[in-house]
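> Sharing a structure, written as structure tokens. Questions coming.
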């Protein structure tokens, strides 16, 4: 196929891919519950999942983020700009005085099952 014939086809493919990408990006920015409104609330953890109406309904039942279970309040951001922002999830850090517990050496110890011991019979 000559280059002159291939170029219009390639340009059409690139344009079609751009339309698909824009459509997918717009769908990803819709509220996870109603799919009728853009995401407009960012929780304290950084997740942006819902429009304002749905976020209020979710927070009436539980004040933890349904994705990461971290506290969702206080609301970090609200408004139309939230839908176009990249989601950044804040990592919770353990306090400096937190106690670190050693990990068990085997699976039985991990679930609290006592080790089986052989009895010495004389």
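Numbering (the UniProt record's numbering), first residue to last: 1 to 122. Ideal Cβ placement from N, Cα and C applies to all residues, glycine included.
Between residue 6 and residue 40, which are expected to be in contact by the criterion C-beta below 8 Å, what is the C-beta distance as a whole number of angstroms?
Taking the chain shown and counting its residues from 1, the one referred to as residue 6 is at position 6. Taking the chain shown and counting its residues from 1, the one referred to as residue 40 is at position 40. Contact doesn't hold; Cβ gap of about 44 Å is too wide.
> Pull up the CB-CB distance for residue 70 and residue 45, whole angstroms please, since I reckon it's below 8 Å.
As a first step, residue 70 is located in the chain shown; it is residue number 70 there, counting from the start. As a first step, residue 45 is located in the chain shown; it is residue number 45 there, counting from the start. Between residue 45 and residue 70 the Cβ distance is about 4 Å, and since that is below 8 Å, they are a contact.
> Go ahead and label residue 57 buried or exposed: buried means 16 or more other beta carbons lie within 10 angstroms of its beta carbon, across all protein chains shown.
Counting from one through the chain shown, the residue named residue 57 turns up at place 57. When all chains shown are included, residue 57 counts as exposed.
> What is the DSSP secondary structure of residue 172, counted as helix, strand or coil?
Because the chain is modelled from 1 through 122, residue 172 falls outside the range shown and cannot be assessed.
> Just the C-alpha distance for residue 68 and residue 47, rounded to the nearest angstrom, thanks.
Against the chain shown, residue 68 aligns to sequence position 68. Against the chain shown, residue 47 aligns to sequence position 47. If you take the alpha carbons of residue 68 and residue 47, they lie about 8 Å apart.
> Please look up how many angstroms separate the CB atoms of residue 33 and residue 50, rounded, as I've assumed it's under 8 Å.
Here residue 33 refers to the residue found at position 33 of the chain shown. Here residue 50 refers to the residue found at position 50 of the chain shown. Residue 33 to residue 50, Cβ: 6 Å. Contact.
> Short of 8 Å in beta carbon distance, which residues of its chain neighbour residue 36, apart from the five on each side in sequence? Order them along the chain.
Indexing the chain shown from 1 puts residue 36 at position 36. Same-chain partners within the cutoff: 30, 51.
> Mind checking residue 83: buried by the 16 CB within 10 Å criterion, or exposed?
Sequence index remark: in the chain shown, residue 83 carries index 83 (1-based). Buried.
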